[in-house]
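Residue numbers (the numbering used here), protein chains in the order written: chain A, 1 to 404; chain B, 1 to 69.
Quick reminder that beta carbons are idealized off the backbone N, C-alpha and C, glycines included.
Values in this document were obtained by computation on a predicted structure and should not be read as measured data.
Here is the structure we will look at, set down as C-alpha cells.
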Amino acid sequence: MDRLLSGPPLTAGTESYGAHQQRFGLLPAAAARSLIGRLEASNLAGRGGAGFPVGRKWRAVAERANRKGVVLANGAEGEPLSLKDRTIMAARPHLVIDGAVLAADAVGADDIIFYVGAEHQAAEAAMRYALTERSADLRGRARLIQAPRGYVAGEESAAVHFVNAGDARPTITPPRPFERGVGGRPTLVQNVESLAAAALVARGDDAGTSLATLSGAVRRTGVMEIGLDATLAEVAASGGGLVRPVQAVLLGGYFGGWVDINDVWALPLAPGSLRARGHAFGCGVLYFLAEETCGVEATARIIGYLASQSARQCGPCLFGLGAIDAACRRLAARSAQPDDLKRIARWSGQLAGRGACKHPDGATGLLRSALGVFADDYAAHQRGFCVHRAPAVGRPVAMAEAVA
Amino acid sequence: MREQLQVDRIRCDGHALCAELLPEVIALDDWGYPIVKAGTIAPALLEHARQAVAACPVLALTLAQRLEG
C-alpha cells in the first residue's frame, strides 16, 4: 500500500539521497515533457486542501511561463490537525524535491522555492540537508524560505505575498499566482505532498494513495498512507480501530466539514465519491468525534481558532467570523442569547465569497456542516442544555499535539 | 458584453455609500459591509451603478466588463 511513504519505517528518520535513488532510480530524464498529460490522465487532485487538479494547474503555468516561471513548494502546513506535510518533508525529502524539479522542468521554471512552516523544524532540517545532497545545478535554482506561523500563511496568494514582500497575508485575486506570482512571474504553488505524488506518477504510479492524519477516538493516531478506494471503515481499521463509539468525523480539516459517521463509514474516500455526497477529502484530516463528546463545543473551538486566524484585512471575515465566534462560544457554554442559533445560521450563509481569500468560506462551510450534523445539540444548547457528559478534546492546538 | 460590480474586500471599509445609491443590487450585512447580488447589472441600473462606483471613498468598488458566453 505505502507508496509515498514506502521504504524504511518513519521512525528510521530522513531517507538519504543514496537510499532514495536505490529505491526509485534516477529521475526519468524525459518524464517532465509528457508529465503534464499524464498528471491530467491520473486525475491527481491537489493535497493542500482545495483539491484542484494538479495537471490542469501545471498546464496553466506552463502556458504562461516562457521558461521564466517559479515553483513554490508549499509546506507551510498551518492546519492544526494535519501532520502529513511535515512528515513527508522530514522522512522523504527527496521525493518532494523530485516533484519540484519535475514541476520546474514541466512548466518552465528556473526558480524553485521550498516554503516550509517555521515551526516544522525537523522537516526544515531534512529539506535543507537533502538539498545539499543534490546537484550544484539544482542547488543554484532552489531556495528554502520559512513560512511564518498561522493558518492563512499557506494560502497561495499569501505565500506569494510573503516571498515578494515579507507579508504573509492574502492579496486580492485576480491575478492569481499562475498568472502573476513570485516576482510578477507565473508561479506554480503546489502542496509538497502533491509534488511527491507527481514524482511517483512520473515513474508510472497511478496516484491511487494519499496521506491522511488520523486523530480523535481512533487507536493509532498520526499520519498514514491510505488507498483512495478504501472506505473510512477500512481506514479506521488500519488505524487499529475506534477506541469508543464515534458519532461524526471531521473530514478534510478546519476548512472541511463534519459528517455523520453513518453517512461516511462505508464510503470510499476517493475525491469523486466524496464530492458526489457534497464532502471533500481536503488536506486528509480525519478526526473521529466520540459519541460522548459534544459537537457544539468541538465546533466552537474550531471556529474560535479560525476567527483568531483571520488576516483581519476584510470586514466580512474580521467582523463576521468574530460575531460567529462569540455566538458559538455562548451556545457552547449554554448561555446563548435568544437568537444566537438563528443568527449563526443566517451569518453562515452570508460570508462565502466576501473575502480576498477563502478563509470566511472555509470557516462558514465548517459551521454549516456542524449545524446540520449536530442540529439537535445546537437546539438543546440554545435552550441551555447539553446531553453530552465529556468535554471536547482540548483546544485545537492540544488536539494537534495529541496526534503527534 | 455586460458589466458586473466587483468589491476589493481588502480596501472596502464599510462606508456603505454604495448600498445607499444602489439598493437594488447592494445590501449590507450586520456590520455594514456590502453584499452584492450575483450577476450582471441591468441596463436600467447602469448609471446608478456608475454613481456608486464613483462615490466609494476608498475606490473599492469597480464595474468590470464581462464577456458573455
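From the listed residues Ala153(A), Ile261(A), Gly284(A) and Arg176(A), the smallest Cα separation to Gly227(A) is found for Gly284(A). Residue range Val246 to Leu251 is occupied by the beta strand (DSSP E) that includes Ala248(A). For the C-beta of Gly39(B), not a single chain A residue is nearer than 7 angstroms; the gap to the nearest is close to 13 angstroms. Under DSSP, Ser210(A) shares a beta bridge with Ile226(A). Taking 9 angstroms as the Cβ-Cβ cut-off, the segment 168-182 of chain A approaches chain B at Arg169, Pro170, Thr171 and Ile172, given in chain order. Pro316(A) belongs to the set of residues whose beta carbon lies under 8 angstroms from a beta carbon in chain B.
Checking the DSSP bridge columns, you'll see Asn191(A) partnered with Asn74(A).
Cα atoms of Leu366(A) and Ala32(A): separation of roughly 38 angstroms, rounded to the nearest angstrom. Taking C-beta atoms as the reference points, Val189(A) and Leu4(A) fail to come closer than 8 angstroms. When the five nearest sequence neighbours on each side are left out, the beta carbons in the same chain lying within less than 7 angstroms of the beta carbon of Gly257(A) are those of Leu251, His279, Gly365, Leu366 and Ser369, in order along the chain. By the Cβ criterion, the segment 74-91 of chain A is in contact with the segment 3-18 of chain A, since at least three pairs of Cβ atoms, one from each stretch, lie closer than 8 angstroms. Along the segment 24-39 of chain B, going in chain order, the ones with a CB nearer than 8 angstroms to a CB of chain A are Asp29, Asp30, Trp31, Gly32, Tyr33 and Ile35. Cβ atoms of Gln382(A) and Asp340(A) come within 8 angstroms of each other, at about 7 angstroms. Boundaries around Ala90(A) are those of the alpha helix (DSSP H), Lys84 to Ala91, since no beta strand (DSSP E) includes it. Here Gln247(A) is buried: its Cβ has 16 or more other Cβ atoms, across all protein chains shown, within 10 Å. Restricting attention to Glu119(A), Ala122(A), Gly353(A) and Asn74(A), the CA atom closest to the CA of Ala103(A) is found in Asn74(A). Judged by DSSP secondary structure, Gly372(A) falls within the alpha helix (DSSP H) whose first and last residues are His359 to Val373. Gly320(A) has a beta carbon lying within less than 8 angstroms of a beta carbon in chain B. Among the bridge pairs identified by DSSP, Gly69(A) is matched with Ala109(A).
Contact between Gly150(A) and Gly55(A) is ruled out by a C-beta separation of about 30 angstroms, above the 8 angstroms threshold. Its chain contains His161 as the residues whose beta carbon lies nearer than 7 angstroms to that of Asp167(A), once the 5 sequence neighbours on both sides are disregarded; these appear in chain order. Taken through DSSP and simplified to helix, strand or coil, Ala336(A) comes out as coil. Inter-residue distance for Gly282(A) and Ala50(A) is about 6 angstroms (C-alpha atoms, whole angstroms).
With a contact defined as Cβ atoms closer than 8 angstroms, Gly181(A) and Thr173(A) miss out at about 11 angstroms. Sequence-distant Cβ neighbours of Val373(A) in its own chain, meaning closer than 6 angstroms and more than five residues away, are Ala248, Trp258 and Asp260.
Under the DSSP assignment, Gly13(A) falls outside any alpha helix (DSSP H); it carries neither an H nor an E label.
Rounded to whole angstroms, the Cβ separation of Ala270(A) and Asp205(A) is 16 angstroms, and the two are not in contact under 8 angstroms. For the segment 343-377 of chain A, the residues whose beta carbon sits under 7 angstroms from a beta carbon of chain B are, in order, Gln350, Arg354, Gly355 and Ala356. At a beta-carbon threshold of 7 angstroms, the residues of chain B lying near Gln313(A) are Ile10, ordered along the chain.
If you look at Pro34(B), you'll find it in the beta strand (DSSP E) that goes Pro34 to Val36. Boundaries of the beta strand (DSSP E) harbouring Gln146(A): Ala142 to Ala147, taken from the DSSP string. The segment 208-217 of chain A and the segment 60-71 of chain A do not touch, with fewer than 3 CB-CB distances between them shorter than 8 angstroms.
Taking 8 angstroms as the cut-off, the Cβ atoms of Glu15(A) and His94(A) count as close.
At least 8 angstroms separates the beta-carbon of Gly39(B) from that of Ala16(B).
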